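Participant:
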Amino acid sequence: MVRWLRPPGSLAEDGFLSRCIRCGQCGEACPNRCIQFFGVGNGLVHFGTPYIRPRDKACILCMRCGEICPTQAIQPIPRKAKAILAKVRMGKAVVDKHLCLSYRGETCGVCYRACPLQDVALKVQRLEQPVVTEACVGCGLCERACIQMPQAIRIIPHHAA
Amino acid sequence: MVAPGSEDRPRQGRRPFRAQLNKLRWLVLSLVFLMLLALPFLAVYQSYVAAHAYDLMSPSEQHFYDFMAWLTGPITDNPEQDFNLVKGTTWSGTLFGLRLSDPLAVLSQIAAEHRVFTAFLLTGLIPLVATLLLGRIYCGWICPATFLYELNDNFAVVLRRLGIRLPHRRLDTRFKYLVLLVGLVLSAATGAVVTAAIYPPAIIGREIYYAVAAGGFGSGAAFFLVTLLFDLLVARRGFCRYLCPGGALYSLLGRYRLVRIQRVVGDCNDCAKCNAVCEFGLDPMRDGFGQECNNCSACIAVCPTDALVFRLTPRDQAPQGPGHLGREYKRSQALQSGEAGEGGRTEAA
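Protein sequences appear in the order of chains A and B. Under my numbering, the residues of the first sequence are numbered 75 to 235, in order. Under my numbering, the residues of the second sequence are numbered 13 to 361, in order.
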């Protein structure tokens with residue numbers, strides 16, 4: 075497993091691992107069913123912990139997982155743009171300009187339209203060229219929506235950065 | 013049928029309520045397991061409802077949706093919200109807004125974080141108090157693994173009747189305390205709750221969810237199968253008796269439990285059915301319960317003379333010797349007084 079995200083509002087990786095009891099309630103509560111669980115493939119320390127792979131299915135920032143998490147490994151955060159922008163740090167989107175259609179002169183803008191924090195986390199220039207701002211929380215909806223293969227915009231998780 | 017040795021006091025009329033508790037226990041075990049099965053389906057149904065996209069679903073998804081709508085229709089008209097009330101597993105879950113967690117989960121989490129997180133500690137309080145009062149009640153009455161292990165044990169009985177020889181080794185019951193200790197030390201060392209990976213009820217809760225909602229069983233299912241085979245081929249109920257870290261914790265917590273099964277020596281006829289039925293290999297016939305007893309009441313249900321009772325006391329009785337209705341006691345009485353049987357009965361009364 076090369077790149078994965080933790081659910082929105084998760085503590086930093088070390089803190090998250092010592093809090094998460096592998097109960098799986100986050101996945102059960104997720105209405106989007108984007109939360110998956112590690113097997114033994116990623117090491118015993120990660121066994122049974124939740125992750126999101128945005129290209130499979132990305133987070134819609136409904137914040138239900140944090141509501142149900144019994145240990146607050148995923149912090150409870152109200153579903154308000156202000157609170158989400160302040161507290162959610164899943165990762166940050168990075169655009170590969172060599173792959174991005176808009177940067178290659180073909181107006182696309184799919185990632186911009188998919189972004190739940192449009193014009194705050196993701197802005198566009200001429201030809202709908204995406205520009206990621208510091209506000210990006212890393213939900214991954216842009217990566218999920220990208221029509222390029224491999225994807226031209228991808229989330230670099232904070233634990234990997 | 014009257015059991016051998018109980019000719020002089022046959023069971024009459026209805027049995028006491030405590031003899032029915034074993035059936036109640038099976039009902040509870042089945043309900044808990046059924047709930048663990050149902051919850052993932054409800055979660056999937058919830059996500060379908062939340063999607064508001066019935067027309068875009070595949071025919072099989074639509075069938076599932078229709079079936080669940082038919083099934084849950086009488087209970088709720090707002091499944092998306094209402095089924096949030098019950099979530100999770102016996103490892104940690106939400107029951108109508110009340111959060112409950114396994115004391116082992118709480119302890120492992122404290123070990124992993126090297127710190128007490130109070131909000132989570134509180135969720136383990138009710139199970140903790142229940143264990144302090146009732147002993148390993150979780151093992152006997154709730155644990156979804158117990159449900160499968162006992163079925164597995166019944167399966168072993170069938171196999172034996174068919175003439176297949178299954179070994180039944182007795183190992184050291186103290187080994188599970190070592191497993192608990194190693195699990196906690198590993199949790200503390202790695203900073204991750206690793207006990208969740210070797211604790212069957214936690215595994216079952218997760219695996220059922222994986223199988224139903226996340227595309228198939230994970231590696232935990234393989235681990236659980238191995239424990240089933242261990243029980244079948246090495247030691248009867250071996251995992252619970254000798255290896256389970258949760259069982260170890262509950263045994264320790266339940267050492268001074270208030271509710272205990274005890275033997276009324278005057279009613280006991282030494283038939284040893286209690287010893288044969290005890291899933292944990294204890295010795296009810298000679299007052300050997302100890303901290304391992306999980307108050308499952310199987311021995312009470314099987315007792316032909318209703319000589320086993322629940323009592324409120326923090327300690328086991330000292331060994332009381334042979335039951336007064338048994339041959340051994342009668343013979344010793346006859347030797348002492350030369351008057352067969354009578355002396356023993358009046359003494360007991």
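Ideal Cβ positions, reconstructed from N, Cα and C, are used throughout, including at glycine. None of the values given here were measured: they were computed from a predicted structure.
Please determine if the stretch 90–106 of chain A and the stretch 117–125 of chain B are in contact, where contact requires at least 3 C-beta pairs separated by less than 8 Å.
Facilitator: Yes, the stretch 90–106 of chain A touches the stretch 117–125 of chain B.
Participant: Anyone know if the C-beta pair for P81 (chain A) and C100 (chain A) falls short of 8 Å?
Facilitator: Here the question's residue 81 (chain A) lines up with position 7 in the first sequence. Here the question's residue 100 (chain A) lines up with position 26 in the first sequence. For P81 (chain A) and C100 (chain A), yes; Cβs fall inside 8 Å.
Participant: I'd like to know if V162 (chain A) contacts chain B, where contact means its C-beta is closer than 8 Å to some C-beta of that chain.
Facilitator: Residue mapping note: residue 162 (chain A) aligns to position 88 of the first sequence, counting from 1. Output row for V162 (chain A): interface = no.
Participant: Return the residue from the list B:Q329, B:A288, B:T185, B:G302 that minimises the CA-CA distance to V314 (chain B).
Facilitator: Here residue 314 (chain B) refers to the residue found at position 302 of the second sequence. Minimum Cα distance to V314 (chain B) is reached at B:A288.
Participant: Terminal residues of the continuous beta strand (DSSP E) containing L116 (chain B)?
Facilitator: On the second sequence, residue 116 (chain B) is found 104 positions in, with the first residue counted as 1. DSSP places L116 (chain B) outside any beta strand (DSSP E); the residue lies instead in the alpha helix (DSSP H), whose first and last residues are 115–125.
Participant: Report back the beta-carbon spacing between P212 (chain B) and L116 (chain B) to the nearest angstrom; my notes put them in contact at under 8 Å.
Facilitator: Counting from 1 along the second sequence, the entry for residue 212 (chain B) is found at position 200. Counting from 1 along the second sequence, the entry for residue 116 (chain B) is found at position 104. Beta-carbon to beta-carbon, P212 (chain B) and L116 (chain B) are separated by about 11 Å, too far to satisfy the 8 Å threshold.
Participant: Using the C-alpha atoms, what's the distance from C308 (chain B) back to V238 (chain B)?
Facilitator: Here the question's residue 238 (chain B) lines up with position 226 in the second sequence. Here the question's residue 308 (chain B) lines up with position 296 in the second sequence. If you take the alpha carbons of V238 (chain B) and C308 (chain B), they lie about 25 Å apart.
Participant: In the DSSP assignment, find the unbroken beta strand (DSSP E) run with Q274 (chain B) in it and report its ends.
Facilitator: Position 262 of the second sequence, counted from the start, is the residue given in the question as residue 274 (chain B). Start and end: 271–275.
Participant: Chain A beta carbons: is any one of them nearer than 8 Å to that of E125 (chain B)?
Facilitator: What you label residue 125 (chain B) is simply residue 113 of the second sequence in a count that begins at 1. Output row for E125 (chain B): interface = yes.
Participant: Should Y66 (chain B) go down as buried or exposed, given a rule of 16 or more other Cβ atoms within 10 Å for buried?
Facilitator: To locate residue 66 (chain B), count along the second sequence from 1; it is residue 54. Burial call: exposed.
Participant: Give a yes or no on whether 8 Å exceeds the smallest Cβ distance from T207 (chain A) to chain B.
Facilitator: Counted from its first residue, the first sequence places residue 207 (chain A) at position 133. Not closer than 8 Å to any Cβ of chain B, the Cβ of T207 (chain A) fails to qualify, so no.
Participant: Since P124 (chain A) sits in a beta bridge, which residues does DSSP pair it with?
Facilitator: Taking the first sequence and counting its residues from 1, the one referred to as residue 124 (chain A) is at position 50. Paired residues: A:F111.
Participant: If you reduce the DSSP assignment to three classes, tell me which class P204 (chain A) lands in.
Facilitator: Counting from one through the first sequence, the residue named residue 204 (chain A) turns up at place 130. If DSSP states are grouped into helix, strand and coil, P204 (chain A) belongs with the strands.
Participant: In the DSSP output, what is R323 (chain B) paired with across the bridge?
Facilitator: Locating residue 323 (chain B) in the second sequence gives position 311, where the first residue counts as 1. Here R323 (chain B) is bridged, per DSSP, to B:R272.
Participant: Quick check on DSSP: helix, strand or coil for Q58 (chain B)?
Facilitator: As a first step, residue 58 (chain B) is located in the second sequence; it is residue number 46 there, counting from the start. Looking at Q58 (chain B) - three-state DSSP - the assignment turns out to be helix.
Participant: Can you look up P331 (chain B) in the DSSP assignment and give me helix, strand or coil?
Facilitator: Sequence index remark: in the second sequence, residue 331 (chain B) carries index 319 (1-based). Looking at P331 (chain B) - three-state DSSP - the assignment turns out to be coil, as it is neither helix nor strand.
Participant: Would you mind stating whether S176 (chain A) and L215 (chain A) have Cβ atoms separated by less than 8 Å?
Facilitator: The residue labelled residue 176 (chain A) in the question sits at position 102 within the first sequence. The residue labelled residue 215 (chain A) in the question sits at position 141 within the first sequence. No, these two residues do not count as a Cβ contact at 8 Å.
Participant: If we count the other Cβ atoms within 10 Å of its Cβ and call it buried at 16 or more, is K188 (chain B) buried or exposed?
Facilitator: Position 176 of the second sequence, counted from the start, is the residue given in the question as residue 188 (chain B). Buried, by the Cβ-count rule.
Participant: Would you call the stretch 294–309 of chain B and the stretch 249–268 of chain B in contact, with 3 or more CB pairs under 8 Å?
Facilitator: yes
Participant: Does the CB of Q58 (chain B) have a neighbour CB from chain A at under 8 Å?
Facilitator: Position 46 of the second sequence, counted from the first residue, corresponds to residue 58 (chain B). Yes, contact with chain A.
Participant: Should I312 (chain B) and N34 (chain B) be called a contact, given that it needs their Cβ atoms to be closer than 8 Å?
Facilitator: The sequence position of residue 312 (chain B) within the second sequence is 300, counting from 1. The sequence position of residue 34 (chain B) within the second sequence is 22, counting from 1. A contact, by the Cβ cut-off of 8 Å.
Participant: Check each candidate in B:A247, B:Y254, B:P334, B:V321 and name the one with the smallest Cα separation from A366 (chain B).
Facilitator: This structure does not reach residue 366 (chain B), given that chain B is present from 13 up to 361, and the question cannot be answered.
Participant: Closest Cβ-Cβ distance between F129 (chain B) and chain A: below 8 Å?
Facilitator: For the purposes of this step, residue 129 (chain B) is taken as the residue at position 117 of the second sequence. Yes - at least one Cβ of chain A is within 8 Å of the one on F129 (chain B).
Participant: Just by C-beta distance, which residues in the stretch 109–120 of chain A are closer than 7 Å to chain B?
Facilitator: For the stretch 109–120 of chain A, the set of residues with a beta-carbon nearer than 7 Å to any beta-carbon of chain B comprises Q110, F111, G113, V114, L118, V119, in chain order.
Participant: Under the assumption that C280 (chain B) contacts T325 (chain B) (Cβ atoms under 8 Å), give the Cβ distance between them as a whole number of angstroms.
Facilitator: Counting from 1 along the second sequence, the entry for residue 280 (chain B) is found at position 268. Counting from 1 along the second sequence, the entry for residue 325 (chain B) is found at position 313. Not a contact, Cβ separation roughly 18 Å.
Participant: Since K166 (chain A) sits in a beta bridge, which residues does DSSP pair it with?
Facilitator: As a position in the first sequence, residue 166 (chain A) is number 92, starting the count at 1. Bridge partners of K166 (chain A): A:I230.
Participant: Give me the Cβ distance between L191 (chain A) and V205 (chain A), rounded to the nearest whole Å; I'm assuming they're in contact under 8 Å.
Facilitator: Residue 191 (chain A) sits at position 117 when you count from the first residue of the first sequence. Residue 205 (chain A) sits at position 131 when you count from the first residue of the first sequence. So it is not a contact: roughly 13 Å between Cβ atoms.
Participant: Have a look at B:F159, B:N90, B:T106, B:L107 and flag the residue whose alpha-carbon is nearest the alpha-carbon of R37 (chain B).
Facilitator: Here residue 37 (chain B) refers to the residue found at position 25 when the second sequence is read from its first residue. Cα-wise, what sits closest to R37 (chain B) is B:F159.
Participant: Select from B:V170, B:S344, B:I216, B:D114 the residue whose C-alpha is nearest the C-alpha of I149 (chain B).
Facilitator: In the second sequence, counting from the first residue as 1, residue 149 (chain B) sits at position 137. Closest by alpha carbon: B:D114.
Participant: In chain order, what residues of the stretch 137–152 of chain A put their CB closer than 7 Å to some CB of chain B?
Facilitator: I142, P144, T145, Q146
Participant: Assign I220 (chain B) to one of three DSSP states: helix, strand, or coil.
Facilitator: By one-based count along the second sequence, residue 220 (chain B) stands at place 208. Helix.
Participant: Three-state secondary structure (DSSP) at S199 (chain B)?
Facilitator: Counting from 1 along the second sequence, the entry for residue 199 (chain B) is found at position 187. In this structure, S199 (chain B) counts as helix in the three-state DSSP scheme.
Participant: Under 8 Å Cβ to Cβ from F121 (chain A), same chain only, skipping five residues before and after it: list those, please.
Facilitator: Counting from one through the first sequence, the residue named residue 121 (chain A) turns up at place 47. So the qualifying residues of the chain are R96, F112, G113, V114.
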